[in-house]
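Engineer:
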């Protein structure tokens, strides 16, 4: 029974990460970004560089892990980036703390 609970929790965490990533991406175009996508990209990069530098590694690592085709289970448990192991909770904290707004 304990294994079943852990599986359900893992599925829930996977779903929550997907929702967070999708909602973050949906917010970006709706923010006060200029029409030129390169300007918006620069704006987002500045935000991550100056306002949320501690989150860049965790978010980039989790994204690389998921987009590389690695199973969600492995990515959620840990993501090996330069011997760092950000977890889903690290990414959640960063997503809520570092919501990007291109209006600076």
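Numbering (the numbering used here), first residue to last: 45 to 148.
We put the CB at the ideal spot given by N, CA and C, even for glycine.
What separation, rounded to the nearest whole angstrom, lies between the Cα atoms of residue 115 and residue 106?
Structural biologist: As a working note, residue 115 is residue 71 in the chain shown. As a working note, residue 106 is residue 62 in the chain shown. Their Cα atoms are separated by approximately 11 Å.
Engineer: How many Å lie between residue 55 and residue 104 at the Cα?
Structural biologist: Reading the chain shown from its first residue, position 11 is the one you call residue 55. Reading the chain shown from its first residue, position 60 is the one you call residue 104. Roughly 21 Å between the two C-alpha positions.
Engineer: Rounded to the nearest angstrom, what separates residue 89 and residue 95 at their Cα positions?
Structural biologist: By 1-based counting over the chain shown, the position of residue 89 is 45. By 1-based counting over the chain shown, the position of residue 95 is 51. C-alpha separation (whole angstroms): 10 Å.
Engineer: For residue 110 versus residue 119, is the C-beta spacing smaller than 8 Å?
Structural biologist: One-based indexing of the chain shown puts residue 110 at position 66. One-based indexing of the chain shown puts residue 119 at position 75. For residue 110 and residue 119, yes; Cβs fall inside 8 Å.
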